[in-house]
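First comes the structure, then the notes that go with it.
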Amino acid sequence: MSNRPLYLQFWFDEYLKDTELQPSTRKTYTSWFRKFHAFLVNDLHIAEPMISDLTEDNLREYLRYTKSRPCEKPSIFHEDPTKLPIVDSNTVRSAFYVIRALCEYLIERRVITDNPYKLLNLPKRKYNQGLRPEAQDADIVQVLQAASTNPDPADRALNLAMLWTLIDSCMRVTALTNMTLAGLDLARREAKVRDKGDKTVTYAFSDTTADAIAAWLAYRPKNCKHNFVFCRGPEMKVGADGVRKYIRELCGSLGIDYRTILPHSLRHAGADRLQKSGVQIGTIQSRLGHKRLETTVRYLQAGKDKASIDASKSVSLANSMNLAAVQAPKPYDRPADAPRVITRTMLQKAQTAHDFARQRRRRSA
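To convert a position in the sequence shown, counted from 1, into my numbering, add 919.
Written out as structure tokens, the structure is:
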């Protein structure tokens, strides 16, 4: 009988096959498992880590090792970028999420009977709410104005639609990129999106955002092979990293600290805007898609309930700020022969595609 099923790597691969995870979660779990596997091989000198090596003693050694490691990728809010900090408690806990999930899976499959993860004493989660820069309304207006100056009408409509959705709906950037046409309801001003934790969250938005999305849909390629709302072409949807990169470049051209306009900073700012408008904290919790009320309280930096109002519609940024100079484009039917401005980026992409096709023809010849 083969010993292959006893290998730790084999059962982790089985866990990934049998469990439906978000792509980002799958990537994170795989990265942390590789680090744990490398620790068993290099530090504990276990040539082929097996299920029997998933013991309390080995996990405690890995916990001490993780606590003593310097942070490989410090937070953008770290004050001294020249000195790598020691990993914080949140990172330590993140390193053991995959171990917890794997142990639970092995118990479910009756491969092991005891869960060694439960015997660990992990550090408590640490919240650094005050370290996140706050998004200022004036900076948001500048970003919207800069996005409105894009000479390409299709790119302009796409970027404004994404920015308005992030600002107005308090949506996560991953939810933004996962928004589909099937879950979008412009008439009711809401979108049902598959969000963090593989749960469906309903995000509401205002008329301004609905107009911006409708304007982009007029430019969206008709021959798309996917159902995502925001895309860069018929076969490629917009990614979370692409959204962050665009905002970073836009803020750099304006001299604005991009950390204040990052998608998650806009989510915090939107939650604060809802609270200032009098929305009850329970309603804000459901709007943000939080499972625990404590998470919403940290977002708001205050735990006091305010007077409840009708929150069926989103409180628009346009109603709480002077945005006369920044209006979302109106939807219209784009004529088939409408001229399109050719930008330098579009030319570079076309040249790259042409070079790639030429190289492929040479290889096949």
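Glycine is no exception: its CB is placed at the ideal position from the N, C-alpha and C atoms. Just so you know, these numbers come straight off a predicted model, no measurement behind them.
Residue closest to residue i, alpha-carbon to alpha-carbon, out of the options
i, options, result
"Phe1015", "Phe1147, Arg1028, Lys1043 and Ile1031", "Lys1043"
"Leu978", "Leu1039, Gln1199, Leu1193 and Ile1200", "Leu1039"
"Ala958", "Glu980, Ala1190 and Arg945", "Before going on, a small fix: residue 958 reads as Phe here, not Ala. Ranking the options by Cα distance to Phe958, first place goes to Glu980."
"Thr1078", "His1187, Tyr1122, Cys1150 and Thr985", "Sequence inspection shows Asn at residue 1078; the Thr mentioned does not correspond to that position. Comparing Cα positions, the closest option is Cys1150."
"Tyr1218", "Gln928, Lys1164 and Cys1089", "Cys1089"
"Leu1025", "Leu927, Asp1074 and Ala1080", "Leu927"
"Met1155", "Arg1277, Pro1140 and Asp1191", "Pro1140"
"Val1030", "Tyr984, Ile1086, Gln1204 and Leu925", "Leu925"
Through-space distance from residue j to residue i, alpha-carbon basis
i, j, result
"Ile1059", "Thr1215", "22 Å"
"Tyr1138", "Arg1091", "24 Å"
"Tyr1122", "Ser971", "46 Å"
"Arg1028", "Val1017", "16 Å"
"Arg1163", "Thr974", "40 Å"
"Leu1021", "Gly1158", "28 Å"
"Thr1084", "Leu982", "40 Å"
"Thr1010", "Phe931", "21 Å"
"Ile1132", "Thr1179", "24 Å"
"Glu1023", "Ser950", "19 Å"
"Lys1144", "Pro1153", "6 Å"
"Glu933", "Leu940", "13 Å"
"Ile1175", "Gln1061", "9 Å"
Bridge partner(s) assigned by DSSP for residue i
i, result
"Asp1114", "Lys1118"
"Glu1109", "Asp1104 and Ala1123"
"Met969", "Tyr926"
"Cys1089", "Its beta-bridge partners do not exist; DSSP assigns none."
Residue environment, residue i, which counts as buried when at least 16 other CB atoms sit within 10 Å
i, result
"Asp1130", "buried"
"Ala1057", "exposed"
"Ser1172", "exposed"
"Pro1182", "buried"
"Glu1109", "buried"
"Val1148", "buried"
"Ala1054", "buried"
"Tyr1187", "In the sequence as presented, Tyr is not what sits at residue 1187; that position holds His. With 16 or more other Cβ atoms within 10 Å, it is buried."
Short CB-CB distance (under 8 Å) between residue i and chain B
i, result
"Asp932", "No chain B is present in this structure, which holds just one protein chain."
Cβ pair count under 8 Å reaching 3, the segment 1060-1075 against the segment 1091-1108: no
Quiz item: Can we say the segment 1198-1207 touches the segment 1101-1119, given the rule of at least three CB pairs closer than 8 Å?
Solution: no
Could you tell me whether the segment 939-953 touches the segment 1110-1128, where touching means 3 or more Cβ pairs closer than 8 Å? yes
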